[in-house]
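Trainee: Take 5 as the starting number for the sequence shown in the working numbering and just add one per residue.
Glycine included, every Cβ here is placed at the ideal spot set by N, Cα and C.
On a predicted model such as this, the values are computed, not experimentally measured, just so you know.
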Amino acid sequence: MQLLVDENFNRRILRGLRRRIPGLNCLLVQDTEFFQTEDPQILDWAAASGRVVLTHDVNTMTRYAYERLEKGEPLPGVIIVPKELSIGAAIEALEILLNCSEPEEFPNRVIHLPI
5 MQLLVDENFN
15 RRILRGLRRR
25 IPGLNCLLVQ
35 DTEFFQTEDP
45 QILDWAAASG
55 RVVLTHDVNT
65 MTRYAYERLE
75 KGEPLPGVII
85 VPKELSIGAA
95 IEALEILLNC
105 SEPEEFPNRV
115 IHLPI
């Protein structure tokens, strides 16, 4: 599983997730040429690179993801973690989702946590 972590994502959640899933393949948007780029371009790049997007952005990222699906464009998957979810609950929900899912279950889906 390869993740693209949106620039607004809580780093404490990410650190906790990396502790629980050693070797998790995460790339931060700010470590790419797409830092401070609009969501549609981030989704384009995620689709081209096969990375599932991890974000707190329930509004625009979700809207653009569904627009891609309506147009029949590829979507590697988007995982939405609401900001209201506690850090511990977010880490636990992500750990369960990532450990109990196969990579082929994510394409063309927008997953809202907690499940």
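Which runs of the alpha helix (DSSP H) fall wholly inside the segment 69-110 and span at least 4 residues, in chain order?
Mentor: Counting only runs of 4 or more, we get 91-104.
Trainee: Would you identify the three-state DSSP class for residue 119, choosing helix, strand or coil?
Mentor: Residue 119 falls in the coil class under three-state DSSP.
Trainee: In angstroms with no decimal places, state the Cα-to-Cα distance between residue 110 and residue 103.
Mentor: Straight-line Cα distance between these residues: approximately 13 Å.
Trainee: Taking Cβ positions, are residue 91 and residue 25 nearer each other than 8 Å?
Mentor: Cβ atoms of residue 91 and residue 25: not closer than 8 Å.
Trainee: Check whether the Cβ atoms of residue 117 and residue 95 lie closer than 8 Å to each other.
Mentor: No. Outside cutoff.
Trainee: Are the CB atoms of residue 48 and residue 33 nearer to each other than 8 Å?
Mentor: No, the Cβ-Cβ distance between residue 48 and residue 33 is not below 8 Å.
Trainee: Is it right to say residue 46 is buried, meaning 16 or more other beta carbons lie within 10 angstroms of its own, or is it exposed?
Mentor: The residue is buried, with at least 16 neighbouring Cβ atoms inside 10 Å.
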